[in-house]
Amino acid sequence: MELDVNFNLKKNEIYNVNKKIKTYVSRQEILLAKRLIESKGEVVRREELLTHCWEGKIVTDSSGFVA
């Protein structure tokens, strides 16, 4: 099944076109989902996700990726 998803980065909104469902998420969640979908079939390093999704925030192993 092909997933047709639209991302609205200004509203932190993910829209599933197939099911016509709109979901509001945090900025980090939308950036993370977008990055993983764009990298389908590729290995994405943790450091890359931290840099891309948490944009300069300090994240430690004990924080569980919560910024």
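Residue numbering for the sequence shown follows my numbering, beginning at 66 and increasing consecutively. Beta carbons: idealized from backbone N, C-alpha and C, even for Gly. Small disclaimer: the values here were computed from a predicted structure and weren't measured.
Which of the three DSSP states, helix, strand or coil, is assigned to residue i?
i	result
lysine 99	helix
tyrosine 80	strand
alanine 132	Reliability fails at alanine 132, whose pLDDT of 46 lies under 50, so the model's placement of it is uncertain and no value is given.
Would you check if the distance between the CB atom of residue i and the CB atom of residue j is smaller than 8 Å?
i	j	result
valine 70	valine 82	yes
leucine 96	histidine 117	yes
glutamate 94	lysine 87	no
The alpha helix (DSSP H) spanning residue i covers which residue range?
i	result
glutamate 113	111-119
Which residue comes first and which comes last in the beta strand (DSSP E) that contains residue i?
i	result
lysine 85	Lysine 85 -> no beta strand (DSSP E), and no H or E assigned at all.
valine 70	70-73
Can you give the beta carbon distance from residue i to residue j, rounded, assuming they're within the 8 Å contact cut?
i	j	result
phenylalanine 72	lysine 99	5 Å
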